[in-house]
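Those sequence lines, one after another, are chains A and B.
The first sequence begins at 10 in our numbering and counts up by one.
The second sequence begins at 29 in our numbering and counts up by one.
Even for Gly, the Cβ is constructed at its ideal location relative to N, Cα and C.
Heads up, the thing below is written out as structure tokens.
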Amino acid sequence: MTDALLTIDDVNVSFRFSDGHYPALNHISFSVSQNEVVGIVGESGCGKSLTARTIMGILPDNAMLSQGSIMFDDTDLARLDEQEWQAIRGRRISMIFQEPMTSLNPLLTIGRQIEEVLKKHTKKTKRDMKAKTISVMNSVGLPRAEALYKSYPHHLSGGMRQRVVIAMALIGEPDLIIADEPTTALDVTIQAQILDLFKSLKATRNMSMVFISHDWGVIRSVCDRVIVMYAGRIVEEGTVEALLQNPQHPYTKALIQSIPDHTKKGQMLYTIPGTVPGLKERGSGCPFASRCQHKQAICEQKFPEPVRMGEQSVACHLYSEAGVLE
Amino acid sequence: MMTKPKSIPLFIGISLVVTISITMLISFFYTPYDPNEIHSASRLSSPSAEHLFGTDNFGRDILSRIMEGSQTAFLTGFSAVSIGLTVGLVIGACAGYFEGWLDELLMRFVDALLAFPGILLAIMLVSVFEPGMGSTIVALGIMSIPTFARIIRGSIIQYKKFDFVQASIAKGAGSLRIIFRHLLPNITSPILVAASLSFSGSVLAESGLSYLGLGVQPPDPSWGRMLKEAQPYITSAPWYVITTGLVITLMVLGFNLLGDGIRDSNDNRA
Chain A
10 MTDALLTIDD VNVSFRFSDG HYPALNHISF SVSQNEVVGI VGESGCGKSL
60 TARTIMGILP DNAMLSQGSI MFDDTDLARL DEQEWQAIRG RRISMIFQEP
110 MTSLNPLLTI GRQIEEVLKK HTKKTKRDMK AKTISVMNSV GLPRAEALYK
160 SYPHHLSGGM RQRVVIAMAL IGEPDLIIAD EPTTALDVTI QAQILDLFKS
210 LKATRNMSMV FISHDWGVIR SVCDRVIVMY AGRIVEEGTV EALLQNPQHP
260 YTKALIQSIP DHTKKGQMLY TIPGTVPGLK ERGSGCPFAS RCQHKQAICE
310 QKFPEPVRMG EQSVACHLYS EAGVLE
Chain B
29 MMTKPKSIPL FIGISLVVTI SITMLISFFY TPYDPNEIHS ASRLSSPSAE
79 HLFGTDNFGR DILSRIMEGS QTAFLTGFSA VSIGLTVGLV IGACAGYFEG
129 WLDELLMRFV DALLAFPGIL LAIMLVSVFE PGMGSTIVAL GIMSIPTFAR
179 IIRGSIIQYK KFDFVQASIA KGAGSLRIIF RHLLPNITSP ILVAASLSFS
229 GSVLAESGLS YLGLGVQPPD PSWGRMLKEA QPYITSAPWY VITTGLVITL
279 MVLGFNLLGD GIRDSNDNRA
């Protein structure tokens, strides 16, 4: 991929606890091209948000990037100091947070909070900033932008707040937007509106995005490519269509099988037995082995190398040379 | 913020603080008598229409002296809180925001300050320097640093985890901007409560120090020293001790109730 905007190569992130270091992201590699929306799916605790925070350079205090590079254009984000980061955040890469109720400061007006990005990164006059803010507010579908500019977050509904959060991410006209479950906290009708907004933004602004979700419906409607994560590893990657129609990894299959839809009416919905292993319970083998129906001896010992299969790549011993194809 | 006090303690607190503040302000322009005017003819006269709170052993009007003394009380309280708040803010904000080794270092320093009983620390400081208004204020200011530092650190750590702070980092904001723009405005109410309690604590400590003769020195009037002067006449002229003591009590009570009231009204809101 020559026009990759973001290339993450072999990134490891681990958490430091009193009794040692525990890896939370293992050998994460993927790239995002210009104008491409890449989805990341997986259950809770699989490292989706941590991946987002790693790209954004806002890891929790006890987490650290121990290996790998994050090439963004020609800069390695993994090696930036705080000053250099501040020039990139908001201006080149921005982030949309999950919880619209808590991601706005209750004591600042909406306008002020959206403008903060411009204040930091441009030398516009007050009037220009306001005009720009209002136009961005209009473009994310906020009604009566003039009046809202002076309102406080508690005046707004959840859906409107999420539009404000999206406006905050857009106003700096960043090259890359990272959306961490931007629709999860919203109710279904609002969710549909916000998804429509994303779709129209994608069409009009040629955005590159990393879109995190655990909802395949959401992923299908906005993403071009999708990455399936499990317990800190990428287990499968490919175009959305390929993965939905022809999932290879047992985990992807199980995830897709457990999507509720109208054809399954009246039947028991499939659920994956067990839970994601905790940080301290992960060995060197495939983390999904304990929940996998196709487990082989080798699964417990070694994590498989990803294998390229047409439109997708899979990391599973079922498809590797060492494993046995059933 | 508090147009309608909802609780009775808060109402009493505000009333006391406002009354005493107004009295203090009036004392700049008017006191019934010159507070330092000596009338040997009317020594230790009991409260009357002429001298509402009576007179002291030099025949000076006690009410006038209390009014004059309120200036000292407010000045020491206000200055001590300002010093404590400023230093405590810097320490607490740095410790809470950056955490890690800086937090350890700063908070151990604060713990060391806290390890001294407050009044003892003040006595030590006052005896190292010269007793007087200035060193009393500095001593009381230092005494109140730990309270502010701890409260501000705790609140900052609590608010730092909020998404809007993370969102602001993601917008490219620097540490100073986040601390002053996003964190401090959100923690004004615990700071206000601490300031109010620390104010009454400082007034009380100033009275204590002055009572021991280590605080404010003559000719600056001070409630604590008035108590000391009143002590020998506790049986012959009890009004001297009672009025002075009562005023100190009401002042401290007023600010304590105010602080508690602010805290309660915020708890209810949340």
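Beta-carbon of residue i versus every beta-carbon of chain A: anything under 9 Å?
{"i": "V45(B)", "result": "no"}
Quick one: does residue i have its CB under 9 Å from some CB of chain B?
{"i": "T111(A)", "result": "yes"}
{"i": "L185(A)", "result": "no"}
{"i": "K129(A)", "result": "yes"}
{"i": "D70(A)", "result": "yes"}
{"i": "F207(A)", "result": "no"}
{"i": "F106(A)", "result": "yes"}
{"i": "G181(A)", "result": "yes"}
{"i": "S23(A)", "result": "no"}
{"i": "V174(A)", "result": "yes"}
{"i": "L117(A)", "result": "yes"}
{"i": "I203(A)", "result": "no"}
{"i": "G337(A)", "result": "An answer regarding residue 337(A) cannot be provided, because it is not within the stretch 10 to 335 covered by chain A."}
Residue i: buried (16+ other C-beta within 10 angstroms of its C-beta) or exposed?
{"i": "T111(A)", "result": "buried"}
{"i": "T280(A)", "result": "exposed"}
{"i": "H164(A)", "result": "exposed"}
{"i": "A331(A)", "result": "Confidence in A331(A) is poor, its pLDDT being 49 and thus under 50, which makes the residue's placement unreliable; the coordinate value appears in the next sentence. Exposed, because fewer than 16 other Cβ atoms sit within 10 Å of the Cβ of A331(A)."}
{"i": "L204(B)", "result": "exposed"}
{"i": "M30(B)", "result": "Per-residue confidence for M30(B) stands at a pLDDT of 49, beneath the threshold of 50, marking its modelled position as unreliable; no derived number is given."}
{"i": "W129(B)", "result": "exposed"}
{"i": "R317(A)", "result": "exposed"}
{"i": "S235(B)", "result": "buried"}
{"i": "K301(B)", "result": "Any question about residue 301(B) goes unanswered here, given that chain B covers just 29 to 298."}
{"i": "A258(B)", "result": "buried"}
{"i": "F207(A)", "result": "buried"}
{"i": "A306(A)", "result": "exposed"}
{"i": "F140(B)", "result": "The amino acid at residue 140(B) is misidentified as Phe; the sequence shows Ala. Exposed: under 16 other Cβ atoms inside 10 Å."}
{"i": "G302(B)", "result": "Coverage of chain B is limited to positions 29 through 298, which leaves residue 302(B) absent and any answer about it impossible."}
{"i": "A178(A)", "result": "buried"}
{"i": "H30(A)", "result": "exposed"}
{"i": "A212(A)", "result": "exposed"}
Please list the terminal residues of the continuous alpha helix (DSSP H) segment that includes residue i.
{"i": "S264(B)", "result": "Neither: S264(B) is in no alpha helix (DSSP H) and is coded neither H nor E."}
{"i": "N147(A)", "result": "135-148"}
{"i": "Q99(B)", "result": "90-126"}
{"i": "L225(B)", "result": "216-239"}
{"i": "R337(A)", "result": "Here chain A covers residues 10 to 335 and nothing more, so residue 337(A) does not appear."}
{"i": "S183(B)", "result": "161-188"}
{"i": "S267(A)", "result": "Premise fails: S267(A) is in no alpha helix (DSSP H) and is neither H nor E."}
{"i": "F192(B)", "result": "191-198"}
{"i": "S43(B)", "result": "36-57"}
{"i": "G146(B)", "result": "146-156"}
{"i": "E290(A)", "result": "Looking at the DSSP string, E290(A) is not in any alpha helix (DSSP H), and its letter there is neither H nor E."}
{"i": "E93(A)", "result": "91-97"}
What are the start and end residues of the beta strand (DSSP E) that includes residue i?
{"i": "V46(A)", "result": "46-50"}
{"i": "L74(A)", "result": "72-81"}
{"i": "S32(A)", "result": "In the sequence under discussion, the amino acid at residue 32(A) is Pro, which differs from the Ser named in the question. Segment 29-42, the beta strand (DSSP E) holding P32(A)."}
{"i": "S217(A)", "result": "217-221"}
{"i": "V244(B)", "result": "From DSSP, V244(B) is part of no beta strand (DSSP E); its letter is neither H nor E."}
{"i": "A188(A)", "result": "185-189"}
{"i": "T131(A)", "result": "Run containing T131(A): none; DSSP gives neither H nor E here."}
{"i": "A13(A)", "result": "13-26"}
{"i": "I207(B)", "result": "I207(B) -> no beta strand (DSSP E), and no H or E assigned at all."}
{"i": "I105(A)", "result": "102-105"}
Per DSSP, what are the beta-bridge partners of residue i in this structure?
{"i": "R242(A)", "result": "Y239(A)"}
{"i": "D205(A)", "result": "Looking at the DSSP assignment, D205(A) forms no beta bridge with any residue, so it has no partner."}
{"i": "M318(A)", "result": "Q321(A)"}
{"i": "A156(A)", "result": "In the DSSP output, where bridge partners are listed per residue, A156(A) has none listed."}
{"i": "T84(A)", "result": "F81(A)"}
{"i": "T118(A)", "result": "According to DSSP, which records beta bridges pairwise, T118(A) is partnered with nothing at all."}
{"i": "N294(B)", "result": "In DSSP, N294(B) forms no bridge with anything."}
{"i": "G247(A)", "result": "V235(A), Q321(A)"}
Can you confirm whether residue i, when its beta carbon is compared against all beta carbons of chain C, has any partner nearer than 9 Å?
{"i": "E125(A)", "result": "Although the question refers to chain C, the structure presented lacks it and instead comprises the protein chains A and B."}
Name, going along the chain, the residues of the region 73-96 of chain A whose beta-carbon falls closer than 9 Å to a beta-carbon of chain B. So the list reads E91, Q92, W94, Q95, A96, given in the order they occur along the chain.
Using a Cβ-Cβ cut-off of less than 9 Å, give me the residues of the region 176-208 of chain B that come near chain A, in sequence order. Of all residues in the region 176-208 of chain B, only F190, D191, F192, V193, Q194, A195, S196, I197, A198, K199, G200, A201, G202, S203, R205 place a beta-carbon less than 9 Å from a beta-carbon of chain A.
Contact set between the region 204-235 of chain B and chain A, restricted to residues whose Cβ is under 7 Å from the partner: Here the close residues are H210, P213, N214.
Taking Cβ-Cβ distances below 9 Å as the criterion, which residues of the region 140-171 of chain A are in contact with chain B? Those would be P162, in chain order.
Could you please tell me which residues of the region 61-78 of chain B, in chain order, have their CB closer than 7 Å to any CB of chain A? Here the close residues number zero.
Closer than 7 Å, Cβ to any Cβ of chain A: which residues of the region 113-146 of chain B, in chain order? Contacts with chain A (Cβ-Cβ distance below 7 Å) from the region 113-146 of chain B involve E127, listed in chain order.
Using a Cβ-Cβ cutoff of 8 Å, what residues of the region 235-257 of chain A are near chain B? List them in chain order. Those would be none; no residue qualifies.
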